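Undergrad:
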Amino acid sequence: MLGETQNRFSLTRAALSASGRAKSRIPVRNRSRMSRTIARLGVSAACALLLAGCITHESNTTRDAPRRSVEFENDSAARIFYETLSQGACKDSQGEATTKFEIPVVFEYKRHVVTGPNTAFNRAVELCDTNHDGKITEAEARIFAAWKK
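Just so you know, we're using the working numbering here: the sequence shown kicks off at 22 and counts up by one.
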């Protein structure tokens, strides 16, 4: 058996098609294994596409202080104070703050804080009540209105 070699991959006439090309000789068992492998790869690729993404956290917060109690000397003092306040006397104390941290494609964090209207009211009372006795007089209200115009 010295000169004899057995070639398992030799093509015979039966293995050639009419066009002269070789026919596929993959055993049935290997074909089903390959189709299962291809199906698994397809499912893995679909899961990777569907589950890929970034972690995002976004929060909007309204920070508001309790409204300070205040008394007025008379109705005229209250009217002057509230008219001045409604004209935007303390809009500078109302503010917004945004904090943002981001690692591209992986992580994003955004926090937005808005101060509420009670903060502006408390600031106006603090500015208007000059002697800090908790009672706004008509004179204090007029001074506050003139100062804010």
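All C-beta atoms, glycine included, are put in the ideal place defined by N, C-alpha and C. Being a predicted model, the structure only gives us computed values, none of them experimental.
Could you tell me whether the Cβ atoms of C149 and E161 are closer together than 7 Å?
TA: Mapped onto the sequence shown, residue 149 falls at position 128. Mapped onto the sequence shown, residue 161 falls at position 140. Yes, Cβ-Cβ distance for C149 and E161 is below 7 Å.
Undergrad: Below 8 Å CB to CB, which residues in the same chain sit around F142 once its five sequence neighbours on both sides are set aside?
TA: By one-based count along the sequence shown, residue 142 stands at place 121. Closer than 8 Å at Cβ, skipping near neighbours: R88, R89, L106, C111.
Undergrad: So, at 8 Å on beta carbons, what are the nonlocal neighbours of H78 in its own chain, with the 5 sequence-adjacent residues on each side left out?
TA: For the purposes of this step, residue 78 is identified with residue 57 of the sequence shown, where counting begins at 1. Closer than 8 Å at the Cβ level, and outside the excluded window around H78, lie E129, Y130, K131.
Undergrad: For K169, which three-state DSSP category applies?
TA: Residue mapping note: residue 169 aligns to position 148 of the sequence shown, counting from 1. Three-state result, K169: helix.
Undergrad: How long is the line joining the alpha carbons of F122 and N139, rounded to whole angstroms?
TA: Within the sequence shown, residue 122 is the residue found at index 101, counting from 1. Within the sequence shown, residue 139 is the residue found at index 118, counting from 1. Taking the straight line from one Cα to the other gives about 29 Å.
Undergrad: For M22, which residues of its own chain have a beta-carbon under 6 Å away from its beta-carbon, when the five flanking residues on both sides are left out?
TA: Position 1 of the sequence shown holds residue 22. Note that M22 scores a pLDDT of 46, beneath 50, so its modelled location is shaky; the value from the coordinates is reported in the next line. Cβ neighbours of M22 beyond the five flanking positions: none.
Undergrad: Excluding the five sequence neighbours on either side, which residues of its own chain have a C-beta within less than 7 Å of the C-beta of S97, listed in chain order?
TA: Start at 1 with the first residue of the sequence shown, and residue 97 comes out as number 76. The residues are E159.
Undergrad: Where S80 and H133 are concerned, what is the direct C-alpha to C-alpha distance, given to the nearest angstrom?
TA: Here residue 80 is taken as the residue at index 59 of the sequence shown, counted from 1. Here residue 133 is taken as the residue at index 112 of the sequence shown, counted from 1. About 6 Å.
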